[in-house]
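Sequential numbering of the sequence shown, starting at 10, is according to my numbering. Note that the Cβ used here is the ideal one computed from N, Cα and C, for glycine as well. Model, not experiment: these values are computed from the prediction.
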Amino acid sequence: MEEKVIIFSAPSGSGKSTVVNHLLKHFDFFELSISATSRAPRGTEQDGVEYYFITPEDFRSRIAADAFVEYEEVYQDRFYGTLKSEVQRIWDCGHVILFDVDVKGGVNLKRYFGDKALSVFIQAPSVEELRRRLIGRNTDSPEAIEERVQKAAEEMTYAPKFDRVLINDDLELCLAEAEDIVHSFTGR
Ligand code: ADP
Ligand code: 5GP
């Protein structure tokens, strides 16, 4: 089985969760990559489900051992990253890895995986529509929405760095197009 990776990135509110959840239901060969982090588990979070929870010392020694595809120290001692062992675990199952990451992470992962990866940028039809969707989703305060919209405008400039841009205007069309993109890249 060929080793493949599909990366989905989008400014917040563009519909990335909607598209990724649809694809996970539609294709049984997809598996979401679980990141490692040095932050403590919250609430009902479990090791090996939301994240692999490891200590900052362990995280550092794995960095020294070149065990990560990519990682970031968000602030002192708070690390997040994708382990090479996680990538291999998913490929060993014969599955295609699905990454759901921010636009900078998407560009970095594409650079690492090269031709094994297809990177897809999901784009709302306009910034105004993106704002309407965030308001409609009803999960963020007005201040948080404005912050996300500001950030989205900057993130949109990353679109040309991706292999494909998927416009999410009419949702049914967008999901059908996402299925086509997956079919043609994986042959499955
Ligand atoms: P993201 O994960 O990119 O932040 P979501 O998938 O949560 O975005 O979508 C943001 C909101 O927009 C959700 O309430 C979702 O139901 C809605 N939405 C997604 N796609 C469309 C679409 N094509 N038309 C209208 N609303 C949409
Ligand atoms: P949380 O709320 O779970 O503490 O943190 C989520 C943040 O960590 C998000 O900004 C997300 O993009 C980032 N993150 C999660 N996993 C990874 C990863 O594997 N690599 C990088 N660079 N960031 C990650």
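Start and end of the alpha helix (DSSP H) containing residue i?
i	result
Y89	No alpha helix (DSSP H) holds Y89; the beta strand (DSSP E) holding it covers 87 to 92.
C193	Sequence inspection shows Ser at residue 193; the Cys mentioned does not correspond to that position. Per DSSP, S193 belongs to the alpha helix (DSSP H) from 180 to 195.
R71	65 to 73
T4	Any property of residue 4 remains undetermined from this structure, which presents the chain solely from 10 to 197.
Measuring alpha carbon to alpha carbon, tell me which of the options ends up nearest residue i.
i	options	result
A76	P65, R120, M10, G90	G90
E163	T27, F108, L33, Q132	Q132
D111	R197, S26, E11, D149	S26
Looking at the unbroken beta strand (DSSP E) that takes in residue i, where does it start and where does it end?
i	result
Q132	126 to 132
V78	77 to 84
Mind checking whether the beta-carbon of residue i lies closer than 7 Å to any heavy atom of ligand 1?
i	result
K25	yes
S150	no
R140	no
C183	yes
A187	no
Could you tell me which residues DSSP pairs with residue i in its beta bridges?
i	result
D109	F17
N148	Note that residue 148 is Thr in the sequence shown, not Asn. T148 pairs with nothing; no bridge assigned.
R173	V129
E40	I106
Y61	A45
Would you say the beta carbon of residue i comes nearer than 7 Å to a heavy atom of ligand 2?
i	result
V110	yes
S128	no
E79	yes
T91	yes
G114	yes
Between residue i and residue j, how many whole angstroms is the CB-CB distance? I'm expecting something under 8 Å.
i	j	result
I99	E181	Going by Cβ atoms, the distance from I99 to E181 rounds to 29 Å, so no, they are not a contact pair.
F68	S47	5 Å
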